[in-house]
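Enquirer: Handing you a structure now.
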Amino acid sequence: MDNLIELKHIKKCYVGDIPAVCDINLKVKWGEFVTLLGPSGCGKSTIIRMIAGFEQPTSGQILLEGKDISTMPPNERKINTVFQKYALFPHLNIYDNIAFGLREKKMDKALIDKEVKHVLEVVDLEGFEKRKVQSLSGGQQQRIAIARAIVNKPDILLLDEPLGALDYKMRVEMQLELKRMHKELGITFIFVTHDQEEALTMSDKIVVMSKGMKQQEGTPEEIYSRPVNAFVADFIGESNIFNGRKTREDTVRFMGQEFICNDNFPTDTEVDAMIRPELVELCDPEKGQLTGEVISSIFKGKRYEITLQCGKNEIVAESKEGKEIGEKLGICFPPSSIHNMLSDGMVNHLEGILDEEGRLRMIDGSFKVDITEIFPEYTCKDGKIYDSNHNQVLVEGTKVEMYFAPEDAALSDNPEEGHFLGHITSIIYKGDHYNYRIMSKNKVEYSVDDEYLWNVGDYVSIVVPRKIRHYNVYK
Ligand code: ADP
2 MDNLIELKHI
12 KKCYVGDIPA
22 VCDINLKVKW
32 GEFVTLLGPS
42 GCGKSTIIRM
52 IAGFEQPTSG
62 QILLEGKDIS
72 TMPPNERKIN
82 TVFQKYALFP
92 HLNIYDNIAF
102 GLREKKMDKA
112 LIDKEVKHVL
122 EVVDLEGFEK
132 RKVQSLSGGQ
142 QQRIAIARAI
152 VNKPDILLLD
162 EPLGALDYKM
172 RVEMQLELKR
182 MHKELGITFI
192 FVTHDQEEAL
202 TMSDKIVVMS
212 KGMKQQEGTP
222 EEIYSRPVNA
232 FVADFIGESN
242 IFNGRKTRED
252 TVRFMGQEFI
262 CNDNFPTDTE
272 VDAMIRPELV
282 ELCDPEKGQL
292 TGEVISSIFK
302 GKRYEITLQC
312 GKNEIVAESK
322 EGKEIGEKLG
332 ICFPPSSIHN
342 MLSDGMVNHL
352 EGILDEEGRL
362 RMIDGSFKVD
372 ITEIFPEYTC
382 KDGKIYDSNH
392 NQVLVEGTKV
402 EMYFAPEDAA
412 LSDNPEEGHF
422 LGHITSIIYK
432 GDHYNYRIMS
442 KNKVEYSVDD
452 EYLWNVGDYV
462 SIVVPRKIRH
472 YNVYK
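The numbering of the sequence shown is the numbering used here, which starts it at 2 and goes up by one.
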């Protein structure tokens with residue numbers, strides 16, 4: 002059997018029917034190093050806890066070598082977990098910490114000795130048997146936690162942000178160590194992190210997640226070079242992303258200009274066009290497809306990160322040499338540098354119910370809108386809505402579905418000014434504006450474009466434009 006573990010349509014709801022994880026499908030092969038990557042709260046640990054058996058899926062199946070283990074208790078699974086908190090026993094020395102599980106299993110003493118010695122070698126801490134837990138550094142304690150997990154010879158080692166508590170240098174060292182251990186042990190690793198660099202360095206396969214859903218699965222190279230959407234492109238590495246539209250089979254228009262590109266999207270498709278900074282070519286101003294003015298030049302070790310102002314847009318490029326602030330440069334996007342992704346084209350859906358005053362009360366949010374603003378052909382008299390022929394068309398309780406476009410709305414920090422309140426959950430910079438995703442208290446998601454910079458987590462108020470458009474009326 003090729004797949005060691007398979008998740009089929011896994012869903013997990015902790016509270017009511019709000020999913021923390023939604024319809025996850027994943028196949029992990031024997032000996033693979035798979036990383037679940039995504040921002041905090043996207044459901045990574047929930048998946049790990051379900052594989053370990055600490056949580057039960059609300060629906061879906063977890064197959065281990067083809068057998069459903071969804072209800073199997075954790076201790077019967079050949080799976081061990083290493084957490085960010087090492088959870089070592091402080092009153093036991095290193096030897097006893099590692100031997101603890103084996104003694105519980107009543108393993109022969111000589112064999113325990115052999116196994117403990119072996120795993121201490123694997124984690125590169127030979128001779129630490131008698132040391133106390135408190136005398137070890139964070140990195141060493143995490144190695145002991147790993148030793149304690151692998152001494153059980155699991156088929157799968159689950160690692161839930163295991164390096165999160167370590168300082169940068171130690172983390173980089175442990176990344177390489179973990180890769181070495183993975184190779185040496187030959188077992189399957191499922192690793193969780195929110196750190197894209199860590200995921201790119203270590204994994205055979207990366208699963209990028211957002212809001213409980215899988216966004217993309219692939220090798221580090223695939224995820225970096227061919228992200229499927231703007232979220233993945235923005236989350237992994239630096240990128241320039243612009244709202245674009247295919248104008249012909251081999252051209253895309255963005256920043257008010259056409260560029261040659263290679264993709265299979267048909268003409269008129271709305272796309273997010275991405276160019277990685279290292280693929281932007283800088284040249285003399287008269288030779289560029291665009292010209293820009295250098296607004297920053299930052300030394301990043303092996304290269305400079307150059308930001309250029311190009312009309313209303315900012316473009317980030319890389320260069321071997323630093324540039325002068327104010328310098329004018331030509332900018333080229335060669336066809337192979339442009340990666341187009343299908344735009345999710347999210348518009349904001351609203352539902353309102355007609356009240357006795359002829360106003361639509363929004364189901365999410367507390368605001369009301371005059372129905373005659375949305376249907377100019379209608380008039381309202383005594384709470385009843387009439388069409389231009391004076392026929393009564395809508396009555397109290399009528400449900401109306403409407404939408405507004407992200408670019409027509411704005412954000413405000415004044416709750417009085419806007420119509421919906423929520424927290425910013427993600428930001429994508431699109432050259433001359435930011436696209437924000439905002440989650441309201443009722444878990445309704447909104448998409449708003451704004452030129453000002455807000456932060457993830459900010460509590461904002463969404464100012465809905467007068468240009469609300471209706472699309473459905475339930476009479
Ligand atoms: P991640 O590991 O990516 O940070 P988690 O899997 O911990 O994400 O959480 C996913 C979502 O589920 C979050 O919204 C979180 O608040 C929620 N959640 C996690 N554990 C519980 C729990 N025990 N009870 C209720 N909600 C939970």
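We treat Cβ as the ideally placed atom computed from N, Cα and C, and that holds for glycine. Just so you know, these numbers come straight off a predicted model, no measurement behind them.
What residue range does the beta strand (DSSP E) around residue 51 cover?
Expert: Segment 45–53 is the alpha helix (DSSP H) holding residue 51; no beta strand (DSSP E) there.
Enquirer: Could you check which residue in 294, 148 and 89 has the C-alpha nearest to that of residue 116?
Expert: Selected option, being the one with the closest Cα: 148.
Enquirer: Measuring CB atoms only, is the segment 215–232 touching the segment 336–344, in the sense that at least three cross pairs come out at less than 8 Å?
Expert: Yes, since at least three Cβ pairs between the segment 215–232 and the segment 336–344 fall closer than 8 Å, the two stretches touch.
Enquirer: For residue 200 and residue 240, what's the separation of their Cα atoms in angstroms?
Expert: One C-alpha to the other measures close to 17 Å.
Enquirer: In this structure, how does DSSP classify residue 368 when only helix, strand and coil are distinguished?
Expert: In the structure shown, residue 368 sits in coil (DSSP, three-state: anything other than H, G, I, E or B).
Enquirer: Using 8 Å as the threshold, is the segment 75–92 in touch with the segment 156–174, meaning 3 or more CB pairs across them?
Expert: Cβ pair count under 8 Å is three or more, so yes.
Enquirer: For the candidate residues 218, 237, 408 and 222, whose alpha-carbon lies nearest to that of residue 464?
Expert: Residue 464 has its Cα closest to that of 408, out of 218, 237, 408 and 222.
Enquirer: Quick one: is the Cβ of residue 42 within less than 7 Å of any heavy atom of ligand 1?
Expert: Indeed, a heavy atom of ligand 1 lies less than 7 Å from the Cβ.
Enquirer: When the Cα of residue 105 is compared with those of 76, 419, 381 and 235, which residue comes out closest?
Expert: Ranking 76, 419, 381 and 235 by Cα distance to residue 105 puts 76 first.
Enquirer: So, helix, strand or coil for residue 154, using DSSP?
Expert: Correct three-state label for residue 154: coil.
Enquirer: For residue 46, verify whether its CB is less than 7 Å away from any heavy atom of ligand 1.
Expert: Answer for residue 46: yes, Cβ within range of ligand 1.
Enquirer: At a threshold of 7 Å, does residue 17 count as lining ligand 1 (C-beta to nearest heavy atom)?
Expert: Residue 17 Cβ: outside cutoff for every heavy atom of ligand 1.
Enquirer: Are the Cβ atoms of residue 423 and residue 370 separated by less than 8 Å?
Expert: Contact flag unset, no.
Enquirer: Output the distance between the C-alpha atoms of residue 365 and residue 170, rounded to the nearest integer angstrom.
Expert: Those two C-alpha atoms are separated by around 47 Å.
Enquirer: Go to residue 202, then tell me how far its alpha helix (DSSP H) extends in each direction, as first and last residue.
Expert: 197–203 is the span of the alpha helix (DSSP H), which, as asked, contains residue 202.
Enquirer: Taking the alpha-carbon positions, what's the residue 443 to residue 355 distance?
Expert: Answer to the nearest angstrom: the Cα atoms are 20 Å apart.
Enquirer: Near residue 60, which residues of its chain fall below 8 Å by C-beta distance, leaving aside the five closest residues on each side in sequence?
Expert: Result list for residue 60: 10, 11 and 12, in chain order.
Enquirer: When the Cβ atoms of the segment 395–404 are set against those of the segment 346–362, are three or more pairs found closer than 8 Å?
Expert: They touch, by the three-pair rule.
Enquirer: What whole-angstrom Cβ distance do residue 333 and residue 284 have, given they're in contact under 8 Å?
Expert: The Cβ separation is near 6 Å, so the contact holds.
Enquirer: State the beta-bridge partners of residue 275 as determined by DSSP.
Expert: Residue 275 pairs with 242 and 340.
Enquirer: Round the Cβ separation of residue 95 and residue 127 to the nearest angstrom and send it over; I've been treating them as touching at under 8 Å.
Expert: With 8 Å as the limit, residue 95 and residue 127 do not qualify as a contact, their Cβ atoms being about 11 Å apart.
Enquirer: Given that a residue counts as buried once 16 or more other Cβ atoms are within 10 Å of its Cβ, and exposed if not, what is residue 192?
Expert: With 16 or more other Cβ atoms within 10 Å, it is buried.
Enquirer: If you measure from the CB of residue 21, is any heavy atom of ligand 1 nearer than 7 Å?
Expert: Checking the Cβ of residue 21 against ligand 1 gives yes.
Enquirer: Could you tell me whether the Cβ atoms of residue 195 and residue 40 are closer together than 8 Å?
Expert: In this structure, residue 40 lies closer than 8 Å to residue 195 by Cβ.
Enquirer: Can you name, in chain order, every residue of its own chain whose Cβ lies under 8 Å from the Cβ of residue 146, other than the five neighbours on each side?
Expert: Within the same chain, residue 146 has close Cβ partners 83, 84, 87, 88, 89 and 163.
Enquirer: Let me make sure I understand the geometry here. Which of 26, 99, 63 and 431 has the alpha-carbon closest to that of residue 275?
Expert: Closest by alpha carbon: 431.
Enquirer: With a CB to CB cut of under 6 Å and the five nearest residues on each side skipped, what residues in its chain are close to residue 25?
Expert: Excluding sequence neighbours, residue 25 sits near 8, 11 and 215.
Enquirer: Comparing C-alpha positions only, which one of 474, 458, 410 and 470 sits nearest to residue 447?
Expert: Nearest C-alpha to residue 447: 410.
Enquirer: Just to confirm, is the Cβ distance from residue 329 to residue 304 under 8 Å?
Expert: It is not a contact, given that the beta carbons lie outside the stated cut-off.
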